[in-house]
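**Student:** Just dropping this structure here.
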């Protein structure tokens, strides 16, 4: 982690690259999880560009083909190798909302942990670059789905690392929709009860879910107060303000699970998307004209960058 | 008279875990009820209280297993298999993690009623790829299942017994992975029994004497169901096959046997003794076993059906486990 001057331009560049790649791929693919990239670009950029104390990637730039599911007689591939070697002092990263996989892969390309063409295999048969990734997909450590199962597994890893006296932190990236699942609250309660202090959670609070606005489906608010009541140390910030995000990540109460609630905009950087609100979960072009408008926007964004 | 062993798991587990520092216990508020209170008191640092939150408990167990620890989750069988099924499937079974799921109160062994009676647990766990399923039928099984489970590199579900448990098999003859115990040889009829049903089946076979020649196997590995001696035994019974289990006839031993027979082309009838696609209710074990036909009388009726014999005069000794179940601790549900 360098000085302000060093990290900010780089992280901004990564975030811009994530949005561009997600939009470009959504156009090429005829659809995609675009809004998730818009809301999480700064969060993933800050994690991979600054916050995560990771070693160099141990994975190939071209993602391997799918080999096998885990089993007694099979050799499965592991997506965590893209987050570097396991070391007592290094961080571990757990990517929970696997619907965001496209944004994660884009982030990995931007930080050179994946090659420029790594998205070529996205959603292709026989590829590990799956649309909804699992633990063989680049950057993904545990099979986080179905929704809300990642935090408990990360808690188990954090508890194991604490038993061994390891100093590395354990970061979990979550989406706000996961706070509708009861298991999430079970995990926060258990983490606090057991005094787990090596777990950091960053949440993309974009207020969106499959059916539309979360407020119209099942509100999770007041999220910060609820988490604090569960014993966590919570910092709530604008999820597109990199300086505020980084400051939040550096603070927090020692001895607690530290949570950053990043309030985000699911259309940030792609204003065209806003006309579709509140149905932002998956973008499928309704007409050639609509697609052409997005293509024009992409050209404009590419020219600006 | 069969010897009754008091709390065989409680005693064995503490001793077994002594030189295994990687062994951790996760408990969901049923610590004494699952006989791990002695473990908790002996190794407090290795006991992790997870509260009544089984979904999270399964994920935490998965995370600990990924890091090289050996988590032994202790709770009732229903709370291992029903409530957190998705977590067991996705967080534990899919990644093939060596988590040991120790499920107590199998089938009708509890007066706790429908919420506590695991009549579908074997079926649910059989559906999961990578999952190994072991069932204990006596104190020797209870004492030796730890080594068997520990030898499996993936997840294991154990149908465990607690309290007063009969010793049917010599303590010197431990449970073996994928190997049924052949309790009698015969050519008229093949009986496969599992769990606590084996004691009733032993009583019936003994009472039959020379009336029928019975091939009787006690099956403790319910998945994988690939013990090579099973097929030989299934073919040996001229009149057919009877399975007997403390579980629904759908999904457990009876289903596994039907699948094996059909795929191997073993002709002949199969009678499945077990819960016939019904829920049970809260009552004593003796009452429930009789009501649902899981006792000696239920097996005798199945034998009559297959053999055409009238066994009305058959006298079967009162089972030891009836007395044992009265000594069990109904207060600790």
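Protein chains in written order, with the working numbering: chain A, 1 to 305; chain B, 306 to 638.
The C-beta atom is built at its ideal place from N, Cα and C for all residues, glycine as well.
Since this is a predicted model, take the numbers as computed values, not measurements.
Residue 274/A: which of 208/A, 260/A and 227/A sits nearest, CA to CA?
**Tutor:** The shortest C-alpha separation from residue 274/A is found at 208/A.
**Student:** Quick one: what does DSSP say residue 48/A is sitting in, helix, strand or coil?
**Tutor:** Of the three classes helix, strand and coil, the one that applies to residue 48/A here is helix, per DSSP.
**Student:** Once you ignore the five residues that flank residue 443/B on each side, which residues in its own chain have a CB closer than 6 angstroms to its CB?
**Tutor:** If we look at residue 443/B and ignore the five residues flanking it on each side, its Cβ neighbours are 471, 472, 473 and 474.
**Student:** Buried or exposed, going by whether 16 or more other CB atoms sit within 10 Å of the CB of residue 458/B?
**Tutor:** Residue 458/B should be labelled exposed.
**Student:** What are the boundary residues of the beta strand (DSSP E) that includes residue 437/B?
**Tutor:** Unbroken beta strand (DSSP E) run through residue 437/B: 437 to 440.
**Student:** Using 8 angstroms as the threshold, is the C-beta distance between residue 139/A and residue 95/A below it?
**Tutor:** Result yes, Cβ atoms of residue 139/A and residue 95/A sit closer than 8 angstroms.
**Student:** In terms of residue numbering, what span does the beta strand (DSSP E) encompassing residue 545/B cover?
**Tutor:** Here the beta strand (DSSP E) through residue 545/B covers 545 to 553.
**Student:** Where does residue 116/A fall in DSSP's three states?
**Tutor:** The answer is coil: DSSP assigns residue 116/A none of H, G, I, E or B.
**Student:** Rounded to a whole number of angstroms, what is the C-alpha to C-alpha distance between residue 568/B and residue 616/B?
**Tutor:** Between residue 568/B and residue 616/B, the C-alpha separation is close to 32 angstroms.
**Student:** I need the straight-line Cα distance from residue 536/B to residue 565/B, nearest angstrom please.
**Tutor:** Between residue 536/B and residue 565/B, the C-alpha separation is close to 8 angstroms.
**Student:** Tell me whether the segment 95 to 112 of chain A and the segment 5 to 18 of chain A touch, counting them as touching only if at least three CB pairs, one residue from each stretch, are closer than 8 angstroms.
**Tutor:** At 8 angstroms Cβ cutoff, the stretches touch.
**Student:** If you run the structure through DSSP and keep just helix, strand and coil, what is residue 637/B?
**Tutor:** Any answer about residue 637/B is weak, because its pLDDT of 49 lies below 50 and its placement is not dependable; what the coordinates show is given next. In the structure shown, residue 637/B sits in coil (DSSP, three-state: anything other than H, G, I, E or B).
**Student:** Thinking C-beta only, is residue 488/B closer than 8 angstroms to residue 507/B?
**Tutor:** Taking 8 angstroms as the Cβ cut-off, residue 507/B and residue 488/B qualify as a contacting pair.
**Student:** Below 6 angstroms CB to CB, which residues in the same chain sit around residue 542/B once its five sequence neighbours on both sides are set aside?
**Tutor:** Excluding positions up to five away in sequence, the list reads 494, 495 and 520.
**Student:** What does the alpha-carbon distance come out to for the pair residue 413/B and residue 365/B?
**Tutor:** Cα to Cα, the separation comes out at about 30 angstroms.
**Student:** Which residues does DSSP pair with residue 331/B in a beta bridge?
**Tutor:** Answer by DSSP bridge pairing, in chain order: 353/B and 378/B.
**Student:** So which of 439/B, 435/B and 611/B has the shortest CA-CA distance to residue 426/B?
**Tutor:** Among 439/B, 435/B and 611/B, the Cα nearest to that of residue 426/B is on 439/B.
**Student:** Verify the CB distance criterion: does residue 465/B have a CB-CB separation below 8 angstroms to chain A?
**Tutor:** Taking Cβ atoms only, chain A never reaches closer than 8 angstroms to residue 465/B, which makes this a no.
**Student:** Using 8 angstroms as the limit for Cβ to Cβ distance, is residue 128/A near chain B?
**Tutor:** Cβ-Cβ to chain B under 8 angstroms: no for residue 128/A.
**Student:** Tell me the rounded alpha-carbon separation between residue 606/B and residue 612/B.
**Tutor:** Rounded to the nearest angstrom, the two C-alpha atoms are 10 angstroms apart.
**Student:** The segment 141 to 157 of chain A: which residues have C-beta closer than 9 angstroms to a C-beta of chain B, in chain order?
**Tutor:** Going along the segment 141 to 157 of chain A in chain order, one finds 141, 142, 143, 144, 145, 146, 148, 149, 150, 151, 152, 153, 154, 155, 156 and 157 with a Cβ nearer than 9 angstroms to chain B.
**Student:** Could you check what DSSP says for residue 308/B in three-state terms: helix, strand or coil?
**Tutor:** Residue 308/B falls in the strand class under three-state DSSP.
**Student:** Counting contacts by CB-CB distance shorter than 8 angstroms, is residue 174/A in contact with chain B?
**Tutor:** Not one chain B Cβ lies under 8 angstroms of residue 174/A.
**Student:** With residue 460/B and residue 436/B assumed to form a contact (beta carbons below 8 angstroms), what rounded beta-carbon distance in angstroms separates them?
**Tutor:** So it is a contact: roughly 5 angstroms between Cβ atoms.
**Student:** Does the segment 270 to 288 of chain A come within contact of the segment 219 to 230 of chain A, defined as at least 3 CB pairs closer than 8 angstroms?
**Tutor:** Output reads no: the segment 219 to 230 of chain A does not touch the segment 270 to 288 of chain A.
**Student:** Please list, in chain order, all residues of the same chain as residue 69/A whose beta carbon is under 7 angstroms from its beta carbon, the five residues on each side excluded.
**Tutor:** Closer than 7 angstroms at Cβ, skipping near neighbours: 76.
**Student:** Give the DSSP-derived three-state secondary structure of residue 92/A in the structure shown.
**Tutor:** Note: residue 92/A maps to strand in three-state DSSP.
**Student:** Is it true that the segment 226 to 245 of chain A meets the segment 254 to 263 of chain A, where meeting means three or more beta-carbon pairs spaced less than 8 angstroms apart?
**Tutor:** Contact holds: three or more Cβ-Cβ distances are below 8 angstroms.
**Student:** Hey, is the segment 109 to 126 of chain A in contact with the segment 45 to 60 of chain A, meaning 3+ C-beta pairs nearer than 8 angstroms?
**Tutor:** A contact exists between the segment 109 to 126 of chain A and the segment 45 to 60 of chain A.
**Student:** Does any residue of chain A bring its CB to less than 8 angstroms from the CB of residue 462/B?
**Tutor:** Chain A, which has no Cβ nearer than 8 angstroms to the Cβ of residue 462/B, makes this no.
**Student:** Using only the alpha-carbon positions, how far apart do residue 407/B and residue 368/B sit?
**Tutor:** If you take the alpha carbons of residue 407/B and residue 368/B, they lie about 18 angstroms apart.
**Student:** Considering only residues of the same chain and omitting the five flanking positions on each side of residue 305/A, which have a CB-CB separation below 6 angstroms?
**Tutor:** Counting only Cβ-Cβ distances below 6 angstroms, and skipping sequence neighbours, we find 16.
**Student:** What are the residues of the segment 379 to 405 of chain B that lie near chain A, defined by any Cβ-Cβ distance shorter than 7 angstroms?
**Tutor:** Of all residues in the segment 379 to 405 of chain B, 391, 392, 395, 396, 399, 400 and 401 have a Cβ within less than 7 angstroms of some Cβ in chain A.
**Student:** Considering Cα atoms alone, identify which of 515/B, 514/B, 492/B and 485/B is closest to residue 503/B.
**Tutor:** It is 485/B whose Cα lies nearest to the Cα of residue 503/B.
**Student:** Can you round the beta-carbon distance between residue 11/A and residue 261/A to whole angstroms, since I take them to be within the 8 angstroms contact cut?
**Tutor:** In fact, because the Cβ distance is near 19 angstroms, the residues do not count as touching under 8 angstroms.
**Student:** For a cutoff of 8 angstroms on Cβ pairs, would you count residue 71/A as touching chain B?
**Tutor:** Yes, residue 71/A lies at the interface with chain B (some Cβ there is under 8 angstroms from its Cβ).
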